[in-house]
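Participant: The structure is given below, and queries will be raised subsequently.
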Amino acid sequence: MTVLLAPAGDQFGAPTPEELFNLPPIIPGVYWFTKPVLLAILSAVLVIGVAWAAFAKPKLVPRGVQNAVELGYMFVRDQVARPFLGKDADRWMGLLVSVFFLVLVWNIMGVVPVLQFPVASHIAFPAVLALLIYGLKVYLGIKHQGGIGYFKNMMFPPGLPKPIYFLLAPIEFLSNMIIAPFTHAVRLFANMFAGHMLLAFFSMVGFWFLFEKLTPLGAPVGIVGVVMTILLTGLEIFIQYLQAFLFAMLAAMYIGGSLHPDH
C-alpha cells in the first residue's frame, strides 16, 4: 500500500501538488540533485545492470534473469519493432528495448515502497527523451529522403487533389514538427502525474481517518481510502506498463516513418 507522508499541505494534512512534485535537493546547495534525478540515475543503472547480468555470459538455454529479459526483448521485437520497422527492426532493437525498459522502470518507481515517485511525472524527463527520439526521426528522414524530399513527403502526401494541399500542408507540418513530439512527452507525463496524485490522495484519506482522526464515523471512510489505494495501485502498475509500451511504440513508428515514407 502506498502511504505518502508528506508535510501537511492543508488543514487535513493532505499534501499539495507543490509538496508532491517540487521536492527539495537531497544535498543542500546542490539544487539540481533532487529525488527525481536520483531515481532517474538509479533507473538507468538498474536497466544497465539487469541487461549486463542477462547477456554478459548468455546461455544457449536461457535461465533466470536471461530468460526474463529475453521475454521482454521478444515482446518489444514482436509488438513494437517489427510492426513499424519491418526488415530494419533488428537494427533498432537496442534503442527500443532500452527506451521501453527505462521508461518502465521510471514509472514503476512510483509504486516501489519508500521510493514512491514516478520519474516521468516530472515533465523534463519524458520531454528530453521524446526530443532525442524526435531529433533522430528528423535526422533519419533527411538522411534517407533528402532535406527537400523529407519535408515534401511530410507535408504533401501523394495521391490527393492539389487544392487540398493548401489546407493539408500546414496541418501536416504542425502535426509532425510540433504536436507529435509534444504529445509523445505529455502523454507519459500526464498519466504518471495524475496517477501519483490519486494514490497520494487516497492513501492520505486512509492515513488521516484511521490514524490521525479515528472516529466511528471516520473509520469507514479510512477503510475506503485504504481499499481504493490498493485497487488504484494495481491499476497504476498496468498503466505504467502500458505507457512504457506506447512510448516505445511511438518511437518505433517515428523511426519507421523516416526510413519508409511510402508506408
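Numbering of the sequence shown is given in the numbering used here, commencing with residue 132 and proceeding in unit increments.
Glycine included, C-beta positions come from ideal geometry on N, C-alpha and C.
The model shown is predicted, which means the values in this text are computed figures rather than measured ones.
(1) Contact between the stretch 307 to 322 and the stretch 249 to 260 is defined here as three or more beta-carbon pairs at a separation below 8 Å; is this criterion met?
(2) Return the residue from the list Lys218, Val178, Leu267, Val211 that minimises the CA-CA distance to Leu227.
(3) With a cut-off of 8 Å, do at least 3 Cβ pairs link the stretch 326 to 334 to the stretch 353 to 361?
(4) If you draw a straight line from the C-alpha of Leu299 to the C-alpha of Phe287, how long is it?
(5) Does the Cβ-Cβ distance between Phe395 and Gly353 come in under 9 Å?
(6) Pull up the CB-CB distance for Phe248 and Leu170, whole angstroms please, since I reckon it's below 8 Å.
(7) Tell me which residue opens and which closes the alpha helix (DSSP H) that Thr364 is part of.
(8) Applying the 10 Å Cβ sphere with the 16-neighbour rule, what's the burial state of Leu363?
(9) On the premise that Val168 lies in contact with Ala185, defined as a C-beta separation below 8 Å, what is that separation, rounded to the nearest angstrom?
(10) Among the candidates Ala199, Trp223, Asn198, whose CA atom is the shortest distance from the CA of Arg208?
(11) Considering Cα atoms alone, identify which of Tyr296, Ile386, Tyr372, Ile172 is closest to Ile264.
(12) Going along the chain, which residues of its own chain have a beta-carbon closer than 6 Å to the beta-carbon of Ser389, five neighbours each way excluded?
(13) Under the three-state reduction of DSSP, which class applies to Leu456: helix, strand or coil?
(14) Only counting the same chain, and skipping five residues up and downstream in sequence, which positions put a Cβ closer than 7 Å to that of Pro392?
(15) Return helix, strand or coil for Tyr270, following the three-state DSSP convention.
(16) How would you call Leu373, buried or exposed, if buried means at least 16 neighbouring beta carbons within 10 angstroms?
(17) Taking 9 Å as the cut-off, decide whether the C-beta atoms of Thr165 and Ile157 are in contact.
(18) Can you tell me where the alpha helix (DSSP H) with Thr165 in it begins and where it stops?
(19) Where does His315 sit, in a helix, a strand or coil, going by DSSP?
(20) If you run the structure through DSSP and keep just helix, strand and coil, what is Lys188?
(21) CB Ala375 to CB Asn153, shorter than 9 Å?
(22) Got a sec? Which residues, its chain only, sit under 8 Å from Leu177 by beta carbon, not counting five neighbours each side?
(23) Ignore the nearest five residues each way along the sequence and tell me which others in Ala199's own chain have a CB closer than 8 Å to its CB.
(24) Taking His327 as the reference, which of Phe215, Glu367, Gly278 has the closest Cα?
(25) To which residues of the same chain is Leu381 closer than 7 Å at the C-beta, ignoring the five residues directly before and after it?
(26) Have a look at Lys293 and Phe206 and give me their C-alpha separation to the nearest angstrom.
Facilitator: If we stick to the structure as given:
(1) Judged by Cβ distances under 8 Å, the stretch 307 to 322 makes contact with the stretch 249 to 260, as three or more pairs qualify.
(2) Counted from its first residue, the sequence shown places residue 227 at position 96. Among Lys218, Val178, Leu267, Val211, the Cα nearest to that of Leu227 is on Val211.
(3) Result yes; three or more Cβ-Cβ pairs closer than 8 Å.
(4) By 1-based counting over the sequence shown, the position of residue 299 is 168. By 1-based counting over the sequence shown, the position of residue 287 is 156. Rounded to whole angstroms, Leu299 to Phe287 spans 8 Å at the Cα level.
(5) Summary: the structure shown does not reach residue 395, with the chain confined to residues 132 through 394, and so no result is reported for it.
(6) Residue mapping note: residue 248 aligns to position 117 of the sequence shown, counting from 1. Residue mapping note: residue 170 aligns to position 39 of the sequence shown, counting from 1. Right, their Cβ atoms sit about 6 Å apart.
(7) Here the question's residue 364 lines up with position 233 in the sequence shown. Where Thr364 is concerned, the enclosing alpha helix (DSSP H) stretches over 349 to 390.
(8) On the sequence shown, residue 363 is found 232 positions in, with the first residue counted as 1. Sixteen is the threshold: when 16 or more other Cβ atoms of the shown chains lie within 10 Å of the Cβ of Leu363, as they do, the residue is buried.
(9) Working through the sequence shown from its first residue, we reach residue 185 at position 54. Working through the sequence shown from its first residue, we reach residue 168 at position 37. Ala185 to Val168, Cβ: 26 Å. No contact.
(10) Here residue 208 is taken as the residue at index 77 of the sequence shown, counted from 1. If we check each option's Cα against that of Arg208, Trp223 comes out closest.
(11) Translated into positions along the sequence shown, residue 264 becomes position 133. Of the candidates Tyr296, Ile386, Tyr372, Ile172, the one whose C-alpha sits nearest the C-alpha of Ile264 is Ile386.
(12) As a position in the sequence shown, residue 389 is number 258, starting the count at 1. Within the same chain, Ser389 has close Cβ partners Lys268, Leu271, Gly272.
(13) Outside the displayed range of the chain (132 to 394) lies residue 456, so it cannot be described from this structure.
(14) Residue 392 sits at position 261 when you count from the first residue of the sequence shown. Taken in chain order, the residues that qualify are Gln276, Asn284.
(15) As a position in the sequence shown, residue 270 is number 139, starting the count at 1. Residue state, collapsed to three classes: helix.
(16) As a working mapping, residue 373 is identified with position 242 in the sequence shown. With a threshold of 16 other beta carbon atoms within 10 Å, Leu373 falls short and is exposed.
(17) Residue numbering aside, residue 165 sits at position 34 when the sequence shown is read from its first letter. Residue numbering aside, residue 157 sits at position 26 when the sequence shown is read from its first letter. Yes, these two residues count as a Cβ contact at 9 Å.
(18) Reading the sequence shown from its first residue, position 34 is the one you call residue 165. Where Thr165 is concerned, there is no enclosing alpha helix (DSSP H), given that its DSSP letter is neither H nor E.
(19) Position 184 of the sequence shown, counted from the first residue, corresponds to residue 315. Three-state result, His315: helix.
(20) Looking up residue 188 in the sequence shown gives position 57. In this structure, Lys188 counts as coil in the three-state DSSP scheme.
(21) If you number the sequence shown from 1, residue 375 lands on position 244. If you number the sequence shown from 1, residue 153 lands on position 22. With contacts defined as CB atoms closer than 9 Å, Ala375 and Asn153 fail to qualify as a contacting pair.
(22) Stepping through the sequence shown from its first residue, residue 177 is reached at position 46. Contacts found: Val236.
(23) As a first step, residue 199 is located in the sequence shown; it is residue number 68 there, counting from the start. Counting only residues of its own chain and dropping the five nearest sequence neighbours on each side, Ala199 has a CB closer than 8 Å to the CB of Ala185.
(24) Indexing the sequence shown from 1 puts residue 327 at position 196. Minimum Cα distance to His327 is reached at Glu367.
(25) Counted from its first residue, the sequence shown places residue 381 at position 250. So the list reads His315, once near-sequence residues are dropped.
(26) As a working note, residue 293 is residue 162 in the sequence shown. As a working note, residue 206 is residue 75 in the sequence shown. The straight-line gap from Cα to Cα measures roughly 42 Å.
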